[in-house]
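What follows is a short report on a single structure.
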Amino acid sequence: MGGYRELFDASLSDPASFWAEAARAVTWTHEPQQILDDSSPPFYRWFPDAELNTCANALDRHVDGGRADQPALIYDSPVTGTQRTYTYRELLSETARFAGALRGLGVGKGDCVVIYMPMVPEAVIAMLACARLGAVHSVVFGGFAAHELAVRIDDARPTVIVSASCGVEPTRTVDYKPMLDAALEMAEHPAPPCVILQREHQPCQLIGGRDRDWHELMSAAQPVDPVPVRSTDPLYVLYTSGTTGKPKGIVRDNGGHAVALLWSMRHIYDTEPGDVYWAASDVGWVVGHSYIVYGPLLLGATTVLYEGKPVGTPDAGAFWRVASEHDVKAMFTAPTAIRAIKKEDPEGLYLGKYDLSALRYLFQAGERLDPDTYQWAADKLGLPVVDHWWQTETGWSIAANPMGVEPMPIKPGSATVPMPGYDVRILRPDGSECDAGEEGAICVRLPLPPGTLPTLWGDDDRYIASYLSAYRGYYLTGDGGYRDEDGYLFVMGRTDDVINVAGHRLSTGAIEAVLADHPSVAECAVIGVADEIKGQVPRGFVVLKAGASPDGLDDELVAAVRENIGAVACFKTVDVVPALPKTRSGKILRKTMRGIADGREEPVPSTIEDPAVLDALKSVLQR
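Mapping the sequence shown onto the working numbering, position 171 (from 1) lands on 280, and the numbers just tick up by one.
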């Protein structure tokens with residue numbers, strides 16, 4: 110662990126020197142003289158006196174530096190049968206012109222632009238164009254319901270909204286424009302100009318005086334130069350669900366973000382300029398921001414933008430086709446995508462149809478990577494399957510396996526070790542540190558490293574209340590877990606996924622790991638439900654692999670939990686279900702399931718992938 114340990118220790122003992130060295134990878138218009146402003150805790154600012162432009166770092170400097178004709182963005186859309194490659198020169202040309210179009214609509218430095226688009230190149234161009242102007246973009250996941258879009262519009266107060274006529278799914282089109290129109294009717298914020306990308310699959314009617322056609326604007330637009338901004342100026346706002354019902358606007362600054370993502374691309378993902386990197390996510394999520402758009406382009410790599418699904422577009426070999434055709438070196442997906450592939454193709458037969466000789470790594474994040482899914486992927490691919498853990502709030506990995514520094518032995522179920530700048534501690538409710546192997550709240554000692562949230566959009570008080578008030582001097586991740594004797598971090602799930610069975614605190618993640626280990630189980634969820642005797646008891650739900658029989662399965666799973674967790678778990682109920690309700694990013698809606706099981710009226714989350722799955726499950730949950 111010498112290479113990793115040396116870097117990690119240096120980042121904590123002398124963070125200013127560590128991140129000053131990392132900052133040399135960025136092209137600044139004004140070099141940082143001060144690295145960390147820690148004069149107003151708990152508010153910390155990185156590179157406060159520096160200036161840069163993120164778009165210029167992602168595009169212009171690569172064009173000027175000899176990569177003009179290298180592919181920057183590969184658009185692969187099986188749902189439309191379309192592929193297109195943009196070189197760095199072409200992507201810069203489109204971005205500079207769209208920045209000119211936005212400027213013509215009144216967008217300037219510090220203004221906000223809401224982007225509500227599907228996975229098309231224009232979404233990436235819109236994000237980069239905002240950065241070019243020094244404007245702040247706020248991407249709302251394409252297809253979000255009108256009410257949720259309206260709430261975000263009211264909080265972000267955009268000068269312009271950029272959208273599209275529709276999104277394309279494997280079996281349907283999703284009309285974006287009617288939802289945008291309805292959102293603007295609901296919103297208190299006056300309707301700003303809206304730029305609409307007309308897609309041939311479902312063109313829409315434009316509203317005169319408000320709506321502008323993307324292509325018409327671009328035909329008349331003049332390119333603009335990048336506008337330098339302060340390192341601490343916001344690059345984007347990305348909303349995450351809030352417990353109060355009001356979404357939390359996570360702020361990402363320009364300078365710290367560029368420094369952190371450049372460091373991570375090389376040191377975590379072992380990616381160099383010219384390599385092909387693919388994050389199979391969506392630009393509406395933080396993974397899409399960090400590792401479809403900014404990380405690869407800041408580095409000078411080639412990024413893949415995929416408009417499709419892991420299965421059904423057209424089959425369970427979709428991901429392997431993309432990786433093969435585009436010579437992907439490092440691939441990043443959520444575990445739920447691999448579980449979906451495993452369910453449809455448990456023997457991995459589709460893998461044999463494609464040449465994956467260029468693929469070196471499969472990275473996993475977004476939810477807990479259960480050991481069974483890890484083992485399946487590792488066995489079938491025959492290459493490192495690297496779990497890592499981070500959050501919308503942090504923007505990059507809290508814990509990972511630093512493949513570009515020193516690949517460390519993989520422990521299934523662990524995100525490996527904390528990354529530089531993250532002083533991770535496992536704390537008990539009284540603030541004392543847990544022993545090795547003891548579960549507690551995963552916290553990070555302040556200051557957080559560059560690239561992490563400096564605050565919430567327009568709400569410093571809520572930032573403190575949400576993240577900094579539980580343990581003084583620490584950032585509360587909201588996840589629970591433990592460190593083993595080797596320092597490896599095991600993230601067991603949200604702290605509200607810990608259940609109390611007759612005074613015994615049990616992690617639902619630990620029970621899920623036992624269920625997932627059964628050869629018939631494709632994926633599973635465990636929730637705590639109210640019990641008048643024990644307070645709470647765990648209840649399991651499993652989805653079977655293709656061809657697996659449910660006969661006798663419940664008895665086998667109950668016995669396995671008793672053997673591996675103990676009778677104290679009081680695990681007696683497990684249901685076989687066709688599917689689990691999930692968000693569009695693949696996270697299982699455990700909180701919603703808990704509420705329904707306990708007899709509460711639970712609102713359907715705006716982020717749900719398929720409401721019919723939850724409807725079908727309600728009768729099972731309420732038994």
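Glycine included, each C-beta is placed from N, C-alpha and C at the ideal position.
Among the options, nearest to residue i - alpha-carbon criterion
i    : options                : result
K643 : G567, L653, V610       : V610
K727 : R699, S715, T716       : R699
A545 : D593, A255, G318       : D593
L598 : H627, A425, G549       : G549
M374 : R554, T349, K355, V402 : V402
D539 : Y572, E456, Y580       : Y580
P556 : G365, L237, D588       : G365
L490 : G522, E456, P516, A508 : E456
S340 : S247, A132, P187, P312 : A132
D362 : R261, L565, E632       : L565
V346 : A639, V729, D220       : D220
L624 : A446, G649, A639       : G649
F250 : R266, W394, M512, L689 : W394
A119 : C679, I573, M528, W499 : M528
L121 : V713, V533, A639       : V533
G209 : A388, A330, D264, V553 : A330
A655 : E294, E542, R448       : R448
Coarse secondary structure for residue i, derived from DSSP in three states
i    : result
K218 : coil
F650 : strand
T163 : helix
S728 : helix
A129 : helix
D342 : coil
P124 : helix
W323 : helix
H99  : Examination of residue 99 is not possible in this model, given that the chain is present from 110 through 732 alone.
G174 : helix
L565 : strand
S575 : helix
I608 : strand
I316 : coil
D464 : coil
L557 : coil
A330 : coil
D663 : helix
V396 : helix
A292 : helix
A655 : coil
R114 : helix
Paired residues, beta bridge with residue i - DSSP
i    : result
M440 : W387, L471
I270 : V223, C303
F253 : Its beta-bridge partners do not exist; DSSP assigns none.
S247 : V223
G590 : G549, V600
V283 : G276
Q192 : D185
L585 : C552
Y348 : G358
F152 : S149
Q645 : A639
I717 : T692
Where the beta strand (DSSP E) through residue i begins and ends
i    : result
G637 : 630-640
A181 : 180-186
F735 : No statement about residue 735 is possible, as the shown extent of the chain runs from 110 to 732 and does not include it.
Opening and closing residue of the alpha helix (DSSP H) in which residue i lies
i    : result
I620 : 617-625
P372 : Correcting the residue type first, residue 372 is Trp in the shown sequence and not Pro. Unbroken alpha helix (DSSP H) run through W372: 364-376.
L145 : Looking at the DSSP string, L145 is not in any alpha helix (DSSP H); the run it does join, the beta strand (DSSP E), is 145-149.
L458 : Neither: L458 is in no alpha helix (DSSP H) and is coded neither H nor E.
M236 : 230-242
Any C-beta of chain C under 7 Å from that of residue i
i    : result
Y463 : No chain C appears in this structure, which consists of one protein chain only.
Closer than 6 Å: residue i CB and nearest the ligand SAM heavy atom
i    : result
K520 : The ligand SAM is not part of the structure shown, which contains no ligands of any sort.
Checklist entry - Which ranges does the beta strand (DSSP E) cover as unbroken runs of at least 3 residues, wholly within the stretch 470-551, from first to last along the chain? => result 470-473, 494-496, 532-536
Next on the checklist: Restricting to runs no shorter than 3 residues, where is the beta strand (DSSP E) found entirely within the stretch 673-712?
Outcome noted: 682-685
Checklist entry - Hey, which unbroken runs of the beta strand (DSSP E) at 3 residues or more fall wholly within the stretch 398-450? => result 411-415, 439-442
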